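Engineer: Just add 52 to wherever you are in the sequence shown, counting from 1, and you've got this note's numbering.
Every residue gets a Cβ at the ideal spot worked out from N, C-alpha and C, and that includes glycine.
Keep in mind that this is a model prediction, so the values were computed, not measured.
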Amino acid sequence: MEVVEQQTKTWEGYVDWRKKPAIKGRHGGMLAASFVLVVEVLENLAFLANASNLVIYLKDHMNMLPSDSANSVTNFMGTAFLLALLGGFLSDAFFTSYYIYLTSAAVEFLGLLILTVQARSASLKPPNCEVHDTGCHEVDGAKAAMLFIGLYLVALGVGGIKGSLPTHGAEQFDEHTPEGRKQRSTFFNYYVFCLSLGGLIAVTLVVWIEDNKGWEWGFGISTLTILLSIPVFLSGTLFYRNKIPSGSPLTTIFKVLMACALNSCVSVARSPSNAIASMSPSPSHQTPSNTEAEQTIEKSGKHGDPDNGPSESLRFLNRAVTRKPAYRTLQCSISQVEDVKIVLKILPIFACTIMLSCCLAQLSTYSVQQAATMNTKLGSLKVPPASLPFFPVVFIMILAPIYDHFIIPAMRKATKTETGITHLQRIGIGLVLSIIAMGVAALVEIKRKRIATDSGLDTIAPLPISFFWIAFQYLFLGSADLFTIAGLLEFFFTEAPSSMRSLATSLTWASLALGYYLSSLIVSVVNSATDMVTRDFGRHACWIRALAIPLLFTRAFTLVNGSDACCEGSAAKPMLEVVEQQMKTWEGYVDRRKKPAIKGRHGGMLAASFVLVVEVLENLAFTANASNLVIYLKDHMNMLPSDSANSVTNFKGTAFLLALLGGFLSDAFFTSYSIYLTSAAVEFLGLLILTVQARSASLKPPNCEVHDTGCHEVDGAKAAMLLIGLYLVALGVGGIKGSLPTHGAEQFDEHTPEGRKQRSTFFNYFVFCLSLGLLIAVTLVVWIEDNKGWEWGFGISTLTILLSIPIFHSGSLFYRNKIPNGSPLTTIFKVLMASALNSCISVARSPSNAIANMPPSPSHQTPSNTEAEQATEESGKHGDPDDGPSESLRFLNRAVTRRPAYRTLQCSVSQVEDVKIVLKILPVFACTIMLSCCLAQLSTYSIQQAATMNTKLGSLKVPPASLPFFPVVFIMILAPIYDHFIIPSMRKATKTETGITHLQRIGVGLVLSIIAMGIAALVEIKRKRIATDSGLDTSAPLPISFFWIAFQYLFLGSADLFTIAGQLEFFFTETPSSMRSLATSLTWASLAMGYYLSSLIVSVVNSTTGTSNTTAWLSGKNLNHFHLERFYWLLCVLSGLNFLHYLFWASRYKYRSLN
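#1: The beta strand (DSSP E) that contains I394, what's its start and end?
#2: What does the Cβ neighbour count give for N755, buried or exposed, with the cut at 16 atoms within 10 Å?
#3: Got a sec? Which residues, its chain only, sit under 8 Å from I1029 by beta carbon, not counting five neighbours each side?
#4: Using the C-alpha atoms, what's the distance from G482 back to A6?
#5: Can you check which of these residues, L257, L412 and A732, is closest to I857 by C-alpha distance?
#6: For G614, is the classification buried or exposed, using 16 other Cβ atoms within 10 angstroms of its Cβ as the cut-off for buried?
#7: Taking DSSP as the reference, what is the three-state secondary structure of W1165?
#8: Pull up the DSSP beta-bridge partners for L1090, would you.
#9: Starting from I1034 and walking both ways along the beta strand (DSSP E), at which residues does that stretch end?
#10: So what's K177 in DSSP terms, helix, strand or just coil?
#11: According to the Cβ coordinates, are L408 and V819 closer than 8 Å?
#12: Under three-state DSSP, which class holds V642?
#13: Which of the three DSSP states is assigned to G65 in this structure?
#14: In angstroms, rounded to a whole number, what distance separates the CA positions of L1116 and V948?
#15: With 16 other CB atoms within 10 Å as the buried threshold, where does C404 fall?
#16: Please return the same chain residues whose Cβ sits closer than 7 Å to the Cβ of P297, not counting the five positions on each side in sequence.
#17: For S281, does the three-state DSSP call read helix, strand or coil?
#18: With H, G and I counted as helix, E and B as strand and the rest as coil, what does DSSP make of V426?
#19: Take R1178 and list the residues in its own chain whose beta-carbon comes closer than 7 Å to its own, dropping the five residues that flank it on each side.
#20: Output the distance between the C-alpha atoms of G1168 and M1065, rounded to the nearest integer angstrom.
#21: DSSP puts N869 in a beta bridge; with which residues?
#22: Check T432 in the structure and name its three-state DSSP category.
#23: Within the continuous alpha helix (DSSP H) that includes P1011, where are the two ends?
#24: Secondary structure at K972, three-state DSSP: helix, strand or coil?
#25: Check each candidate in K234, M129, D112 and C979 and name the one with the smallest Cα separation from C188.
#26: Cutting at 6 Å between CB atoms, please list the residues of its own chain near Y568, excluding the five before and the five after it.
#27: Exposed or buried, which one is K214 when buried takes at least 16 other CB atoms within 10 Å?
#28: Comparing C-alpha positions only, which one of H795, L971 and S748 sits nearest to A194?
#29: Given a threshold of 16 other Cβ atoms within 10 Å of its Cβ, counted over all protein chains shown, does E632 qualify as buried or as exposed?
#30: May I have a chain-ordered list of the alpha helix (DSSP H) segments no shorter than 4 residues that lie completely inside the region 159-238?
#31: Name, in chain order, the residues that DSSP records as bridge partners for K295.
#32: Does DSSP put T637 in a helix, a strand or coil?
#33: Cutting at 7 Å between CB atoms, please list the residues of its own chain near L1102, excluding the five before and the five after it.
#34: With DSSP as the reference, please indicate the residues paired to P118 in a beta bridge.
#35: From L1084, I981 and P1011, pick the residue whose C-alpha is nearest to that of L1189; which is it?
#36: Mark E939 as exposed unless 16 or more other C-beta atoms lie within 10 angstroms of its C-beta, in which case mark it buried.
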């Protein structure tokens, strides 16, 4: 870090986007919060554009009854707001609000995308109903499943956003200064303003488009809007300060309550002298009045004094504080007890706002349906009923700035407080307005109902009454919304302990959620009690709510006046225990709470074992379908054999190529821990879509018979659904492949021989677990797919990847997570650019001109050359900073000079040497692509070959896609033998840690691949000969056992064992620590390139061999007419040439320790 940064004060407890301490004057403030405000406009637009009018969509397009559609909407919106608690909890406990927003926005985008596809395609919706149509059917089956999957993905995304975004904005301000607290109060006012602005656009422009252009336009606009919000939010990354998660706040609450109960049971002494306090209070500062103190948090005197014991309020909790607890693990500090007291004190306030939220629920249900029966014309313009919130929204947008710039300053002068009026007073005003609103609503419904009676209750024509009458209840409830939501957000944020602020502010949205659920409950109770759904409910329900709210308001008023100490502050900031401070930490690694990882507690084989278990599940979920996907595309999606083969190779190629993205993000911005969890969630969504499609015949093309000339390949919306599902899986798999192996390897200490040996063992068992997952996939799951249906196969994969998430998360207490170091590509481009520019201006290249602004890592003795291969970042691997860079790739040495072309391009010797390492491993990476091309045949043509052969094993019919059983079992037998017998013997013989070098191990794999392709060609010659004798056009299985195909599987599987484990460890060991995830991702990128190369070779072979007189080698529907043996011979020759190419580079490669 630069000197000026070192001298600048940092924000304690906050980090920037690179996980480094946030800098005062650089991070936080109104500029950072302004990005949040813009994002809130977009986010609320995307949500309300459909939610405000959703009841009409469900009634008119999904054929739901009015009461069912109203309940569906309230349940949907209730779930969305209730899930804000989950978003807030995760923001406080494990992740930052920054990451939760990004993940939630992506989930909401996927949900809106599904709804857009469904709204666009008539085949995915029930037939339209006419009035009095008795044969009208409500949406059901797969169509209903698609609808609710889309809706509740949106709900999940909205919940995460609501639980993280307002807190993220509020955390940008300094709460320890009056100016910071005033700015925070202004932020909450403008947050509601921006929320209203998004709502205004939604209920006017977007709702009009939905009603006049179609719902696909409305959902499409929402989809694009939430997608746009992501780069807008990311634009503020450089300015945000992100609060470091403090662990689960629920743990503290349960701990105090449990300690209180148990200590009471064992009659522990409760005298003040027995009280203890393991945590000191925060420094106090003078506040001008009680009401101003409401805005300042974490001040002394609000908790009990650690010297005198806890406070007297809620005294039963004081039993948790004792020097002799029932159990030592339940020993609580005074600060923890006072924090729990604060939480319990704010809960009654939260409960009192639920009824108001119940009233707000009517704005998007019955009020919209009321307006739909009335005259909605405004001159020549017909106003959509769902645009009625226009009135309160405009009023809020006018009132909010006036409130902040005129009313509040005047109130501050009058009351001599920072906020002008207290948060509880502001909430109380909202409750009063809601009482008035529901009374007005009842009176308006009486008038509307009287006119409806005069006009005929069953008429479908608009009633002769203007929709402006409905606007009155909207106006009062909208005003109540302004006062209550802003008041609740600031009240919960200010009063809650800092460790649970996201969760506390989420109570605002949870209040809305419970209000929506309460609305549904009241509807059901009133219907069952009165049996007057269509005639009198509107009027009676409004009176019920109007009478209920004063009771709750009285209760809230009593709470406010009866306890001026309600939520008077929060806990002092937690600190590490003394024992943790005395233990050594892992430099450059943090635990799940972003605190330094502790040696002996974090990392090691126990932590890595969770990764190995997860790899079994992850690879099972992926290969269960990928191994048999070519059959699914050919038989169920009606693709040609060559098209289905190319589709599979492109899909798997994309999945493995996206591992580079996962590795890059793990190294640069996030941890491999976060990338895995996000990627697993994305893969789960993709598999869920594929499961729904496989389950519903209406989402697939009609089945084709043999020689059916009218057979049509999947297309249109069905093809879109297929590809969305597949490539969501590819995106998830890519992120997992790019993060999971690195996450496991990072658990070991690379600076000790024992740690390096354990890491080598980990990579061997990683391939073992990969194979175990594959074994289950290609036997059990593939058999289920072939005999029970593909919906079962996709369903098992979906549940498996879902199961992997909690298992991976179970290891959180033991993981050590590497702190991201920024983009490794920046260093590479910087060195290359500096080298080019310095050369162009003829900068002197003498050794004396070399500089090094980065010190080398400490060195340690290695017993031999090959053992040093595992020791990373040691001196001697880079050029010596005192003598200049090394002599290899000398053209890059021009980047090191005391007089660079541009000062921003000044490079250190270490940076140059790191780039040299990257360039040196690229030829090795390139040489493994051909092997991956051969591996691609295992999931394409080899399966199609086996499908033509006799696959019976006794009375059991083996699915062709289960052929990988043979190499997988061989790998699972060989891997432990290799690690426990062969490697120890080789270590003794060679006196090295690894036994054989990584490049030798990769070379063995390349040789085995050459042999495999030669065998594949010979087996195809034999199969083709038998096919000729039996008739090339026969559809019956050929009289040749599929065991012949097993030979090529066996050799290619063995090649896989040697190559993948060798590549993973080679790339991880040789590359700089700042780019290890990206480097290990090259293993999967090699597979990706191999799959793409396979598709390219197929296309080239077909275009080259196919003429007007001859048929191309690999064209047509019948594999028996292919010249597959020639294709395999071609791959054998190319693999041989590739091996010679590999020998050239491997023999010249110098390990980092030998530079």
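Structural biologist: By the coordinates alone:
#1: In the DSSP annotation of this structure, I394 is not part of any beta strand (DSSP E); the continuous alpha helix (DSSP H) holding it starts and ends at I386 to C404.
#2: N755 sits exposed, since fewer than 16 C-beta atoms from the chains shown fall within 10 Å of its C-beta.
#3: Spatial neighbours of I1029 in its own chain (CB-CB distance under 8 Å, excluding positions within 5 residues in sequence) are not present.
#4: The question about residue 6 has no answer here: the residues shown for the chain are numbered 53 through 1207.
#5: Ranked by Cα distance from I857, the options L257, L412 and A732 are led by A732.
#6: The predicted model places G614 with a pLDDT of 46, which falls under 50 and marks its position as unreliable; any figure quoted below should be read in that light. Burial check for G614: the Cβ neighbour count within 10 Å stays below 16, so the residue is exposed.
#7: Three-state DSSP puts W1165 in coil, outside helix and strand.
#8: Bridge partners of L1090 according to DSSP: M1001.
#9: Note, I1034: premise wrong, no beta strand (DSSP E); not H, not E.
#10: When secondary structure is reduced to three states using DSSP, K177 falls in the coil class, being assigned neither helix nor strand.
#11: For L408 and V819, no; Cβs fall outside 8 Å.
#12: DSSP, reduced to helix, strand and coil, places V642 within a strand of the structure shown.
#13: Secondary structure at G65: strand, using DSSP grouped into helix, strand and coil.
#14: Cα to Cα, the separation comes out at about 31 Å.
#15: C404 comes out buried.
#16: For P297, the CB contacts under 7 Å within the same chain, skipping 5 residues up- and downstream, are D144, A145, F146, F147, T148, R645 and K646 in chain order.
#17: For S281, the three-state secondary structure derived from DSSP is helix.
#18: The sequence shown places Met at residue 426, rather than the Val named in the question. The three-state secondary structure of M426, taken from DSSP, is strand.
#19: Counting only Cβ-Cβ distances below 7 Å, and skipping sequence neighbours, we find W1165.
#20: Each residue's Cα considered, the two are about 23 Å apart.
#21: Its beta-bridge partners are V642.
#22: Contrary to the premise, residue 432 reads as Ser rather than Thr in this sequence. It is coil, neither helix nor strand.
#23: For P1011, there is no enclosing alpha helix (DSSP H), since its DSSP letter is neither H nor E.
#24: In the three-state scheme derived from DSSP, where H, G and I count as helix and E and B as strand, K972 is classed as helix.
#25: Ranking K234, M129, D112 and C979 by Cα distance to C188 puts D112 first.
#26: T126, M129, G130 and A413, listed in sequence order.
#27: Buried, by the Cβ-count rule.
#28: Closest option to A194, Cα to Cα, is S748.
#29: Bear in mind that a pLDDT of 42 at E632, under 50, signals an unreliable position, so the model cannot answer this.
#30: Complete alpha helix (DSSP H) runs here, min 4: 193-222.
#31: Partner(s): Y66.
#32: In this structure, T637 counts as strand in the three-state DSSP scheme.
#33: Answer for L1102: F1018, P1019 and F1022, listed in chain order.
#34: DSSP lists no partner for P118.
#35: Of the candidates L1084, I981 and P1011, the one whose C-alpha sits nearest the C-alpha of L1189 is I981.
#36: So E939 ends up on the exposed side.
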